[in-house]
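Let me begin by presenting the structure, written as structure tokens, before commenting on it.
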Amino acid sequence: MKQSTVGRVITKYFSIEDDLKLSSGKTLSNVELAYETYGELNSAKSNAILVCHALTGDAHAAGKYTGNKNEKPGWWEMVIGPGKALDTDKYFVICSNVLGGCKGSTGPASINPETGEKYALDFPIITIEDMVHAQKKLIEYLGIDKLYAVIGGSMGGMQALQWTVSYPNMMKKASIIATTARSSPQQIAFNEVGRQSIILDNNWNRGNYYDQEKAPRSGLAVARMIGHITYLSDASMYQKFGRDLQDKTELSYDFTVDFEVESYLHHQGETFVRRFDANSYLYITKAVDYFDLAVEGNLADGLKDVEAKIQVIAVDSD
Numbered sequence: 112m113k114q115s116t117v118g119r120v121i122t123k124y125f126s127i128e129d130d131l132k133l134s135s136g137k138t139l140s141n142v143e144l145a146y147e148t149y150g151e152l153n154s155a156k157s158n159a160i161l162v163c164h165a166l167t168g169d170a171h172a173a174g175k176y177t178g179n180k181n182e183k184p185g186w187w188e189m190v191i192g193p194g195k196a197l198d199t200d201k202y203f204v205i206c207s208n209v210l211g212g213c214k215g216s217t218g219p220a221s222i223n224p225e226t227g228e229k230y231a232l233d234f235p236i237i238t239i240e241d242m243v244h245a246q247k248k249l250i251e252y253l254g255i256d257k258l259y260a261v262i263g264g265s266m267g268g269m270q271a272l273q274w275t276v277s278y279p280n281m282m283k284k285a286s287i288i289a290t291t292a293r294s295s296p297q298q299i300a301f302n303e304v305g306r307q308s309i310i311l312d313n314n315w316n317r318g319n320y321y322d323q324e325k326a327p328r329s330g331l332a333v334a335r336m337i338g339h340i341t342y343l344s345d346a347s348m349y350q351k352f353g354r355d356l357q358d359k360t361e362l363s364y365d366f367t368v369d370f371e372v373e374s375y376l377h378h379q380g381e382t383f384v385r386r387f388d389a390n391s392y393l394y395i396t397k398a399v400d401y402f403d404l405a406v407e408g409n410l411a412d413g414l415k416d417v418e419a420k421i422q423v424i425a426v427d428s429d
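Count along the sequence shown starting at 1, add 111, and that's the number in our numbering.
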């Protein structure tokens with residue numbers, strides 16, 4: 112029977128030789144991107160698809176690192192692989208961790224070459240455009256002049272849209288999933304509340320917690336809980352949880368968890384802090400807030416040079 116997975120994979124690392132100029136006018140030196148590839152690049156180098164991950168994702172989009180059956184596969188395992196939507200028998204699929212991330216790419220937890228210590232808040236503010244600029248360097252390093260497609264959902268969709276605007280000649284198609292061309296005031300507001308939950312955690316210490324015994328885990332957990340409220344519509348919350356109680360038949364009449372939806376949020380927060388850096392969360396959500404493809408308020412002007420064939424997949428309850 113034919114294998115329906117890409118199998119065992121490894122994370123690779125690409126170093127950008129020159130300083131990376133950012134939207135803010137600042138520069139970053141010694142930038143490194145973590146990335147993974149699946150499938151084979153054809154001789155014409157015309158079958159490459161770039162997959163852009165969402166807010167807290169990483170480069171590990173498919174496959175496993177070991178043969179352990181209990182290991183979780185990459186986050187888009189159901190989409191990437193032989194015979195799947197992104198068929199690795201046909202396409203060469205690339206996924207990289209974004210600039211500012213904490214899964215192998217240069218971010219606030221990385222070493223600042225000027226000081227020999229972790230950047231923390233000395234890391235410059237970045238934008239979605241900066242993330243895409245770094246990805247372009249990776250694509251050029253791989254010897255690819257034109258991508259077959261760029262695909263992404265949520266913040267990954269923002270990156271895919273930015274690709275079509277910044278480098279309109281570098282992709283044939285783009286698939287834009289559950290995203291926006293500019294962040295809304297409500298989205299910015301939710302992100303700011305999440306950031307403040309981290310900043311007001313006593314263990315945050317103005318971002319200098321890397322050498323401390325304790326990190327701002329409580330603040331980061333609350334930020335994740337806030338985020339997950341925005342990931343589900345009111346209707347989907349009713350469908351998924353309703354007002355069902357969690358492991359009990361009556362109300363507790365105290366401040367412990369009563370409802371399934373509360374338990375869900377606590378679980379998401381508790382598991383998230385084990386795998387993500389609080390400062391990275393601050394920087395990446397700020398990049399999302401800054402995202403706006405409109406030119407002087409006119410979105411049509413911002414998109415006028417797009418050449419790629421676009422597929423838009425939206426959620427009507429979003």
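Glycine included, C-beta positions come from ideal geometry on N, C-alpha and C.
How long is the line joining the alpha carbons of residue i and residue j, rounded to whole angstroms?
i: residue 128; j: residue 429; result: 41 Å
i: residue 318; j: residue 373; result: 29 Å
i: residue 285; j: residue 417; result: 10 Å
i: residue 153; j: residue 197; result: 15 Å
i: residue 271; j: residue 413; result: 14 Å
i: residue 220; j: residue 245; result: 18 Å
i: residue 162; j: residue 360; result: 45 Å
i: residue 130; j: residue 366; result: 51 Å
i: residue 401; j: residue 363; result: 43 Å
i: residue 135; j: residue 236; result: 7 Å
i: residue 426; j: residue 287; result: 12 Å
i: residue 345; j: residue 301; result: 16 Å
i: residue 329; j: residue 259; result: 42 Å
i: residue 490; j: residue 304; result: Because the chain is modelled from 112 through 429, residue 490 falls outside the range shown and cannot be assessed.
i: residue 405; j: residue 323; result: 42 Å
i: residue 182; j: residue 148; result: 19 Å
i: residue 178; j: residue 186; result: 17 Å
i: residue 191; j: residue 410; result: 32 Å
i: residue 251; j: residue 159; result: 12 Å
i: residue 307; j: residue 369; result: 26 Å
i: residue 266; j: residue 293; result: 11 Å
i: residue 126; j: residue 357; result: 48 Å
i: residue 336; j: residue 375; result: 9 Å
i: residue 155; j: residue 249; result: 18 Å
i: residue 141; j: residue 225; result: 10 Å
i: residue 173; j: residue 254; result: 22 Å
i: residue 276; j: residue 206; result: 20 Å
Using a Cβ-Cβ cut-off of 6 Å (strictly less than) and excluding sequence neighbours within five positions of residue i, which residues of its own chain qualify?
i: residue 200; result: 193
i: residue 139; result: 131
i: residue 422; result: 286
i: residue 112; result: Any reading at residue 112 is ruled out, since the residue's pLDDT is 37, under 50, leaving its predicted position unreliable.
i: residue 388; result: 213 and 220
i: residue 238; result: 134, 398 and 401
i: residue 164; result: 267
Using alpha carbons as the reference points, say which of the options lies closest to residue i.
i: residue 408; options: 342, 295 and 348; result: 295
i: residue 371; options: 355, 315 and 130; result: 355
i: residue 274; options: 179, 290, 424 and 247; result: 247
i: residue 384; options: 325, 347 and 345; result: 325
i: residue 261; options: 202, 301, 252 and 309; result: 202
i: residue 233; options: 251, 242 and 217; result: 217
i: residue 289; options: 343, 321 and 157; result: 343
i: residue 119; options: 172, 176 and 168; result: 176
i: residue 210; options: 334, 415, 392 and 298; result: 392
Which partner residues of residue i appear in the DSSP bridge assignment?
i: residue 282; result: 258
i: residue 119; result: 175
i: residue 132; result: 138
i: residue 192; result: 198
i: residue 328; result: Looking at the DSSP assignment, residue 328 forms no beta bridge with any residue, so it has no partner.
i: residue 422; result: 286
i: residue 204; result: 149 and 160
i: residue 370; result: 356
i: residue 293; result: 403
i: residue 409; result: 406
Within its chain, find whatever has a CB closer than 7 Å to the CB of residue i; leave out the 5 residues flanking it on each side and keep chain order.
i: residue 215; result: 122, 124, 145, 170 and 208
i: residue 348; result: 372
i: residue 341; result: 301
i: residue 297; result: none
i: residue 338; result: 305
Secondary structure at residue i, three-state DSSP: helix, strand or coil?
i: residue 264; result: strand
i: residue 234; result: coil
i: residue 340; result: helix
i: residue 124; result: strand
i: residue 247; result: helix
i: residue 143; result: strand
i: residue 402; result: coil
i: residue 223; result: coil
i: residue 316; result: helix
i: residue 306; result: helix
i: residue 181; result: coil
i: residue 229; result: strand
i: residue 362; result: coil
i: residue 391; result: helix
Given residue i, which residues of its chain have a CB within under 8 Å of its CB, disregarding the five upstream and five downstream residues?
i: residue 222; result: 228, 229 and 230
i: residue 280; result: 257 and 418
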